[in-house]
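Q: Have a look at this one before I ask anything.
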Amino acid sequence: MPHQDYVKTARPAPRPKKKPNEKKPLPVLLIGVVTLLLVAFSAFLWHISHRPGADAAAEQAKAAVATPQSLDELPPKPAKEPYTYIKELQTKEIQVEADQLATKAPANMFCGTFKAMDGAQQLKAKMAFAGVSSEIRESSGKYRVVSGPYVSKRQAQNDKNKLLKQKIANCWVL
């Protein structure tokens, strides 16, 4: 059995009673403004309808609508413009100048760049054993092993595949 505490617990505080909603006074000012606006609008409409020249203008408008033009009073037909663009398009000759296609630059295969000449010569020798001719080009203190020029990229790709099969170099064709 749980231990009982004989100290009296405090009673909860009574809830405050809700006050009934107090009725708000009528917005007399708002009712007055709305009434004033309605009176002003109706006076404006009455003024427009009882203008001195309104009846004459209305009768003229009705008379203009009531008398339609007869067929004899139609304006003359406009002069027919001869459209010449159809004939021009049928007889036009188009001249196209065909330029000769420029021959593509030969493809080269770049296989490595070295700081020392010894590394470039070793790669060139490995490529020679694989059956691919190459040369070493020097530019700004670096030595690049280049194979080519090839007539087509397909020939360069064939040599690249030869080198990849023998795991000699990872080359790229440009």
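Each residue of the sequence shown is one higher than the last, beginning at 0 in numbering that gives the first Met the number 0.
Every residue, glycine too, gets a C-beta built ideally from N, C-alpha and C.
Among ALA57, GLY147, GLY140, ALA97, which one has its Cα closest to the Cα of MET126?
A: Looking up residue 126 in the sequence shown gives position 127. Nearest of ALA57, GLY147, GLY140, ALA97 to MET126, Cα basis: GLY147.
Q: Rounded to a whole number of angstroms, what is the C-alpha to C-alpha distance between PRO105 and VAL172?
A: As a first step, residue 105 is located in the sequence shown; it is residue number 106 there, counting from the start. As a first step, residue 172 is located in the sequence shown; it is residue number 173 there, counting from the start. Cα to Cα, the separation comes out at about 11 Å.
Q: Mark ALA117 as exposed unless 16 or more other C-beta atoms lie within 10 angstroms of its C-beta, in which case mark it buried.
A: Locating residue 117 in the sequence shown gives position 118, where the first residue counts as 1. Rather than Ala, the amino acid found at residue 117 in this sequence is Asp. With fewer than 16 Cβ atoms within 10 Å of its Cβ, ASP117 is classed as exposed.
Q: So which of LYS17, SER132, VAL95 has the shortest CA-CA distance to ASP158?
A: Against the sequence shown, residue 158 aligns to sequence position 159. Nearest option by C-alpha distance: SER132.
Q: Looking at the structure shown, is ALA82 part of a helix, part of a strand, or coil, going by DSSP?
A: Within the sequence shown, the letter at position 83 stands for residue 82. Before going further, note that residue 82 is Tyr rather than Ala in the sequence given. Note: TYR82 maps to coil in three-state DSSP.
Q: For LYS123, count neighbouring Cβ atoms within 10 angstroms of its own Cβ and tell me buried if that reaches 16, exposed if not.
A: The residue given as residue 123 occupies position 124 in the sequence shown. Buried: at least 16 other Cβ atoms inside 10 Å.
Q: Please confirm whether VAL145 and PHE113 have their CB atoms less than 8 Å apart.
A: Locating residue 145 in the sequence shown gives position 146, where the first residue counts as 1. Locating residue 113 in the sequence shown gives position 114, where the first residue counts as 1. Contact: no.
Q: Please state whether the Cβ-Cβ distance between ILE135 and ALA119 is less than 8 Å.
A: By one-based count along the sequence shown, residue 135 stands at place 136. By one-based count along the sequence shown, residue 119 stands at place 120. Yes, they are a contact pair.
Q: Taking Cβ positions, are GLY111 and ALA168 nearer each other than 8 Å?
A: Residue numbering aside, residue 111 sits at position 112 when the sequence shown is read from its first letter. Residue numbering aside, residue 168 sits at position 169 when the sequence shown is read from its first letter. Result yes, Cβ atoms of GLY111 and ALA168 sit closer than 8 Å.
Q: Under the DSSP definition of a beta bridge, which residues are partnered with ILE131?
A: Sequence index remark: in the sequence shown, residue 131 carries index 132 (1-based). At residue 131 the sequence reads Val, which differs from the Ile that was named. Paired residues: none, contrary to the question.
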